[in-house]
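Chemist: What follows is a structure written as structure tokens; I'll ask about it next.
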Amino acid sequence: MSVIAAIEDDPDEVFPPYLYEAYRSTLARAPSQPLVDLIPTLSEITGPGPAVSAVTPQDADLTTNSGTGHPAIGERMIVTGRVLGSGGDAVGHTLVEVWQANAAGRYIHRDDQHHAPLDPNFLGIGRCLTDGNGWYRLLTIRPGPYPWRNHPNAWRPAHIHFSVFGPSIQSRLVTQMYFPGDPLHALDPIFNAIPSAAARSRLIAEYDHDITEEEWALGYRFDIVVDGPAATPFDNGHGL
Amino acid sequence: MTHLRLTPPQTVGPFFHDCLLGRGARVVVSQPAEATIRIEGTLVDGAGQSVDDAMVEVWQADSHGRYHHPADTRDVPDDNGFIGYGRAATDEAGRFWFSTVKPGPVPGPDGRTQAPHLVVQVFARGLLDVLTTRLYFAGEVANDEDPVLQTVPRERRDTLLAQESHDDGEVVYRFDIVLQGEHETVFFDVGGRRRGR
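If you read the protein sequences in the order shown, they are chains A and B. Take the position in the first sequence, starting the count at 1, then add 13; the result is the number in our numbering. Take the position in the second sequence, starting the count at 1, then add 1; the result is the number in our numbering.
This is the structure in structure tokens:
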């Protein structure tokens with residue numbers, strides 16, 4: 014298992030500061046007061062169950078879930094991995110939601126004005142539940158990098174946004190998955206706001222030829238480790 | 002105990018709406034008719050500008066103070082079908098709202114009781130990690146003894162108190178969230194993982 018390590022987490026290494034000047038949007042949005050310590054109570058060790066709405070198998074296939082009957086254009090890829098608690102326990106039956114740009118680096122969103130084509134057969138959104146062993150699996154196309162206006166000639170590295178619940182509200186995680194070998198990593202203030210190189214590397218999926226399917230799709234492995242107490246899994250389908 | 006290294010958080014960015022709110026999960030209770038209160042507020046930044054591209058999530062117990070979760074093992078009656086989770090995008094004026102029920106008091110540390118509250122989480126472009134706060138109800142006697150509120154500097158506690166009003170027969174609790182500056186909302190470091198920063 015690629016994510017197992019016997020090293021105690023150093024919070025300074027994992028968590029980006031709220032104020033990170035190179036990422037300009039933090040300037041007016043980062044709290045200026047120190048956070049107040051909160052020892053988790055029943056309110057924090059509980060949280061929403063498997064889903065906010067019904068999840069269908071089709072939701073996990075971003076190459077066809079536009080429902081047009083035509084496949085999305087791009088480099089087809091499988092993204093799979095496990096959601097785990099920091100104690101090593103699998104987080105089963107938890108909701109994984111993803112959104113991403115299309116192969117040309119464009120989102121279907123009114124605020125995305127990047128001069129790149131939309132793909133009528135690609136919505137760029139997907140979701141699935143992990144199985145009992147914490148595994149999720151998505152079929153999608155590789156997103157393109159895209160420009161943004163943070164600084165002159167700024168480009169976001171190719172990435173897929175992930176939203177995960179985990180066993181409790183304390184384990185709620187929103188993050189981004191990146192691709193190996195992208196020269197834009199070193200230039201991206203959002204990625205580099207994570208203090209340590211070791212922690213940053215955990216956001217980069219690994220190419221895995223055992224996941225790659227012959228004459229079909231390339232395979233990438235991306236495991237996700239969430240904070241919080243040991244999982245108290247819901248029975249599949251219950252809760253929400 | 003095995004200790005896996007955590008996956009770092011990243012900003013939700015500006016393009017989450019279709020994925021995370023495509024089905025409009027604004028209402029906390031499973032049956033909208035069961036809602037008895039409305040929570041509404043505005044999210045503003047340190048320049049006093051409304052934040053129109055954020056997402057607010059809430060998590061709460063039901064009216065009996067029971068959480069819909071296996072970790073709440075108490076033998077307490079529950080509101081049938083109540084989930085306690087809600088998600089809303091801020092609109093063009095930075096406003097968000099939820100229809101829900103007022104939660105009951107819930108257990109706290111050392112046998113103490115926590116005053117009715119909601120866990121509130123804020124995600125937005127420019128927030129590199131989630132911001133976690135709590136909504137309490139102004140005027141609740143139990144607030145004075147709440148073990149979490151007591152850890153908040155007294156002069157900042159009112160940033161966590163939703164103010165009650167009545168709008169056309171509906172009970173409304175107003176809870177504005179200020180990310181930075183004067184009257185900045187208190188945000189929590191849950192479990193000490195950020196060391197207060």
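Glycine included, each C-beta is placed from N, C-alpha and C at the ideal position.
Return the CA-CA distance between arginine 169(A) and arginine 88(B), expressed in angstroms with no decimal places.
Modeler: 27 Å
Chemist: Can you list, in chain order, the residues of the segment 163-196 of chain B whose Cβ is nearer than 7 Å to any Cβ on chain A?
Modeler: Result list: Leu180, Gln181, Gly182, Glu185, Val187, Phe188, Phe189, Asp190, Val191, Gly192, Gly193, Arg194, Arg195, Arg196.
Chemist: Helix, strand or coil: how does DSSP classify glutamate 152(B) here?
Modeler: Note that residue 152(B) is threonine in the sequence shown here, rather than glutamate. For threonine 152(B), the three-state secondary structure derived from DSSP is helix.
Chemist: Is the shortest distance between the beta-carbon of tryptophan 98(B) and the beta-carbons of chain A less than 9 Å?
Modeler: Not closer than 9 Å to any Cβ of chain A, the Cβ of tryptophan 98(B) fails to qualify, so no.
Chemist: Decide if the segment 45-64 of chain A is in contact with the segment 179-193 of chain B; the criterion is three or more beta carbon pairs, one per stretch, under 8 Å apart.
Modeler: yes
Chemist: Determine the extent of the beta strand (DSSP E) in which proline 15(B) is found, giving its start and end residues.
Modeler: Neither: proline 15(B) is in no beta strand (DSSP E) and is coded neither H nor E.
Chemist: Skipping 5 residues on each side, what residues in its chain have a beta carbon closer than 6 Å to that of threonine 37(B)?
Modeler: Val102
Chemist: Going by other Cβ atoms of all chains shown within 10 Å of its Cβ, with 16 needed for buried, is asparagine 81(B) buried or exposed?
Modeler: exposed
Chemist: Could you name the residues that DSSP lists as bridge partners for glutamine 183(A)?
Modeler: Secondary-structure assignment with DSSP links glutamine 183(A) through no beta bridge to anything.
Chemist: Are there 16 or more other CB atoms within 10 angstroms of the CB of serine 45(A), so buried, or fewer, so exposed?
Modeler: exposed
Chemist: Please determine, among Asp74(A), Gly100(A), Leu97(A), the residue with the shortest C-alpha to C-alpha distance to isoleucine 91(A).
Modeler: Asp74(A)
Chemist: Per DSSP, what kind of secondary structure is threonine 39(A) in: helix, strand or coil?
Modeler: helix
Chemist: Got a sec: which bits of the segment 34-49 of chain A sit with their beta carbon under 9 Å from any beta carbon on chain B, in order along the chain?
Modeler: Tyr36, Arg37, Ser38, Thr39, Leu40, Ala41, Arg42, Ala43, Pro44, Ser45, Gln46, Pro47, Leu48, Val49
Chemist: Can you find a C-beta in chain A that's less than 9 Å from the C-beta of threonine 91(B)?
Modeler: no
Chemist: Touch check for the segment 6-19 of chain B and the segment 133-152 of chain B: three-plus C-beta pairs under 8 Å?
Modeler: No, they do not touch.
Chemist: Am I right that glutamine 61(B) and leucine 119(B) are in contact with their C-beta atoms under 8 Å? What's the rounded C-beta distance?
Modeler: 4 Å
Chemist: Do proline 61(A) and glycine 118(A) have their beta-carbon atoms positioned less than 9 Å apart in this structure?
Modeler: 9 Å or more divides the Cβ of glycine 118(A) from the Cβ of proline 61(A).
Chemist: Excluding five sequence neighbours on each side, which residues of the same chain lie with their C-beta closer than 7 Å to the C-beta of tyrosine 33(A)?
Modeler: Thr39, Pro202, Ala206
Chemist: Determine, for glutamine 189(A), whether the minimum Cβ-Cβ distance to residues of chain B falls below 9 Å.
Modeler: yes
Chemist: Going along the chain, which residues of its own chain have a beta-carbon closer than 7 Å to the beta-carbon of threonine 143(A), five neighbours each way excluded?
Modeler: Val96, Val104, Gly105, His106, Thr107, Val109, Tyr149
Chemist: 9 Å is my cut-off, CB to CB: does alanine 206(A) come that close to chain B?
Modeler: yes
Chemist: May I ask you to report which of helix, strand or coil DSSP gives alanine 230(A)?
Modeler: strand
Chemist: Taking only the alpha-carbon atoms, compute the straight-line gap between leucine 21(B) and isoleucine 138(A) and give it to the nearest angstrom.
Modeler: 9 Å
Chemist: Buried or exposed, going by whether 16 or more other CB atoms sit within 10 Å of the CB of histidine 174(A)?
Modeler: That one is buried.
Chemist: Label glycine 98(A) either buried or exposed according to how many other C-beta atoms from any shown protein chain fall within 10 Å of its C-beta, with 16 as the threshold for buried.
Modeler: Answer is buried; the Cβ neighbour count reaches 16.
Chemist: Where does arginine 75(B) sit, in a helix, a strand or coil, going by DSSP?
Modeler: coil
Chemist: For aspartate 54(B), which option in Arg6(B), Trp98(B), Glu156(B), Phe16(B) has the closest C-alpha, if you only look at C-alpha atoms?
Modeler: Phe16(B)
Chemist: Are aspartate 63(B) and phenylalanine 83(B) closer than 9 Å when you measure CB to CB?
Modeler: Closer than 9 Å, so yes.
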